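What follows is a set of notes on a single structure, which appears directly below.
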Amino acid sequence: MLQPTPDAVKPAPVVQSPDTISSPPPKTPRQPHEPLKNKRWRLYELNGAAVAMAEGFRQEPYIMLSLQTNRAKGAASCNRFGGTYSVDGEQLAFSEMLTTKVNCDGAMEVEREFLRGLELVNRYRMVGEDSVVFLQNSKVVMRLAALYLN
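Note that numbering that gives the first Met the number 0 has the sequence shown beginning at 0, numbered continuously upward.
What follows is the structure, encoded as C-alpha cells:
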C-alpha cells in the first residue's frame, strides 16, 4: 500500500455557506484629503500679507471644496467664482475657474491676487483640523482657516 509523502499531503479546502461567514464589513479608509473638503475656508493670508475685510469687499474671500462633485466655489472679495479641483495625496490643482465680473473699488487687488494664487497652487498642507496652507511647490501662496457656520 502506498503512503503519500508529507509534501504531497494537502489540507482539504474549507467550504462555508454564506450563513456561516461572519467577517466584519471592510472599513473604508479615510482619505488624507477629506479634512480639506466640505468646509468653508476663509482666506487670512495671501503672499505673506494678512487679509482682512476692507472697504469695498462685498464678502470675506473664501473657498469651499465639494467632496461629492470635486467642484470648488467661493468669493474672491467682490466676485464669486467656481470651477473644478483635483487632489492626489498632497497635490492640489484648480481648473476651469470662472468668475462673475463686478467691479468693487478697494477689493479688486486682493481679488486678482487670490484668483491668481489659486491658479499657482499645486500642493496643500493641513495645519491641524482648522487651518490649511496652499503652496506652489514649497512656497506658501495662501493660508486659510476653517469657518464654521451655525
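We put the beta carbon where it would ideally sit given N, CA and C, even for glycine.
Model, not experiment: these values are computed from the prediction.
Exercise. Straight-line CA distance for residue 78 to residue 109?
Worked result: Taking the straight line joining both Cα atoms gives about 11 Å.
For this session: Can you tell me the Cβ-Cβ gap for residue 94 and residue 81, rounded? I've got them flagged as a contact below 8 Å.
Result: At roughly 11 Å, the Cβ-Cβ gap does not stay under 8 Å, so residue 94 and residue 81 are not in contact.
Problem set entry | beta strand (DSSP E) segments (min. 3 residues) lying fully within the segment 23 to 101 | For the segment 23 to 101, whole beta strand (DSSP E) runs of length 3 or above, ordered along the chain, are 39 to 45, 61 to 64, 70 to 74, 79 to 87 and 90 to 98.
Exercise. Secondary structure at residue 140, three-state DSSP: helix, strand or coil?
Worked result: Three-state result, residue 140: strand.
Exercise. For the candidate residues 76, 59 and 89, whose alpha-carbon lies nearest to that of residue 101?
Worked result: Relative to the Cα of residue 101, the nearest Cα in the group 76, 59 and 89 belongs to 76.
Exercise. Among all the DSSP beta bridges, which residues are the ones paired with residue 133?
Worked result: DSSP lists 123 and 141 as the bridge partner or partners of residue 133.
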